[in-house]
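Visitor: Just add 4 to wherever you are in the sequence shown, counting from 1, and you've got this note's numbering.
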Amino acid sequence: MIFGITLSTLHQSGLGALVMMAKWKIHPLWYTEFIPVLFFISSIFAGLSMVIFEGTISHRVFSQQIDEEHHRTYDDILVGLGKICAVAMVGYFFLKVLVFIHGKHWSLINTPMGYWYLLELIGLVLIPCLIFVQGVKDRNLLSIRVAAILTMAGIIINRLNYVFIAYKWYIPMSERYFPTWIEIVITLAIVFAEIWVFRWIVNRMPVLKESPEWAREE
Numbered sequence: 005m006i007f008g009i010t011l012s013t014l015h016q017s018g019l020g021a022l023v024m025m026a027k028w029k030i031h032p033l034w035y036t037e038f039i040p041v042l043f044f045i046s047s048i049f050a051g052l053s054m055v056i057f058e059g060t061i062s063h064r065v066f067s068q069q070i071d072e073e074h075h076r077t078y079d080d081i082l083v084g085l086g087k088i089c090a091v092a093m094v095g096y097f098f099l100k101v102l103v104f105i106h107g108k109h110w111s112l113i114n115t116p117m118g119y120w121y122l123l124e125l126i127g128l129v130l131i132p133c134l135i136f137v138q139g140v141k142d143r144n145l146l147s148i149r150v151a152a153i154l155t156m157a158g159i160i161i162n163r164l165n166y167v168f169i170a171y172k173w174y175i176p177m178s179e180r181y182f183p184t185w186i187e188i189v190i191t192l193a194i195v196f197a198e199i200w201v202f203r204w205i206v207n208r209m210p211v212l213k214e215s216p217e218w219a220r221e222e
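1) With burial defined as no fewer than 16 other Cβ atoms inside 10 Å of the residue's Cβ, what is the status of residue 100: buried or exposed?
2) Tell me the rounded alpha-carbon separation between residue 85 and residue 53.
3) Can at least three beta-carbon pairs, one atom from the segment 42-49 and one from the segment 16-24, be found at a separation below 8 angstroms?
4) Excluding five sequence neighbours on each side, which residues of the same chain lie with their C-beta closer than 7 angstroms to the C-beta of residue 163?
5) Given that a residue counts as buried once 16 or more other Cβ atoms are within 10 Å of its Cβ, and exposed if not, what is residue 68?
6) Put residue 88 into one of helix, strand or coil per three-state DSSP.
7) For a test of the three-state rule: what should DSSP assign to residue 30, helix, strand or coil?
8) Looking at the secondary structure, which residues open and close the alpha helix (DSSP H) in which residue 198 lies?
9) Can you name the residues that DSSP bridges to residue 78?
10) Once DSSP output is grouped into helix, strand and coil, what is the label at residue 171?
11) Would you check if the distance between the CB atom of residue 29 and the CB atom of residue 172 is smaller than 8 angstroms?
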């Protein structure tokens, strides 16, 4: 279990390190020597936001299979996840601000790419963080879910920036790489296959429901 958790976090830092190899191809607002650290921190609240989103769907789709204990603790689990997301996002936001100040790229803010950078940083990091904080304070599950969705959108845009938008931003859009329809279909097929496997397991094993009596007796 420890090995699996380590892999799930460190591969984000490795991905960030790969991005650093393309220093001169990435827009200055996004490039920094702290990319691996930023990728690692963002993977924390990104993963937990996905857990909140997936957990909400599972809680509704498989509601008849969930035992009473899980129903009672569900709200506390979501509030706890939201609290961790808020703390991680505060650290991520302040690190991004420090990196920006250190880079002294003030002149780039008043450009189209600068506006896009502010949208990502303020609209999809700071605002979701504040919604998380307020949602945790009021124990408002709807606010926590909304913040989780905004956070996932922010992470998707952040990763797309490093691969498509802020990568080779100086060349025309028509000359940039874009996945073919075959690559998109393969990716969607993998995602849907994982969903099908998860549904198959939940319907046949005591993942959300209690174990049968004969299993508990042993």
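Glycine residues also receive a C-beta, built at the ideal position from the N, C-alpha and C atoms. Since the model is a prediction, treat every value here as computed from it, not as a measurement.
Guide: Per the coordinate set shown:
1) Residue 100 sits at position 96 when you count from the first residue of the sequence shown. Per the 10 Å Cβ criterion, buried.
2) In the sequence shown, counting from the first residue as 1, residue 85 sits at position 81. In the sequence shown, counting from the first residue as 1, residue 53 sits at position 49. About 8 angstroms.
3) yes
4) Residue mapping note: residue 163 aligns to position 159 of the sequence shown, counting from 1. Cβ neighbours of residue 163 beyond the five flanking positions: none.
5) Locating residue 68 in the sequence shown gives position 64, where the first residue counts as 1. Exposed is the call here.
6) Residue numbering aside, residue 88 sits at position 84 when the sequence shown is read from its first letter. Of the three classes helix, strand and coil, the one that applies to residue 88 here is helix, per DSSP.
7) Numbered from 1 along the sequence shown, position 26 holds the residue referred to as residue 30. Three-state result, residue 30: strand.
8) Here residue 198 refers to the residue found at position 194 of the sequence shown. Taken as a continuous stretch (DSSP letters only), the alpha helix (DSSP H) holding residue 198 covers 185-208.
9) Locating residue 78 in the sequence shown gives position 74, where the first residue counts as 1. None, per the DSSP bridge assignment.
10) Within the sequence shown, numbered from 1, the residue matching residue 171 stands at position 167. Three-state DSSP puts residue 171 in a strand.
11) Taking the first residue of the sequence shown as 1, we reach residue 29 at position 25. Taking the first residue of the sequence shown as 1, we reach residue 172 at position 168. The answer is yes: Cβ separation under 8 angstroms.
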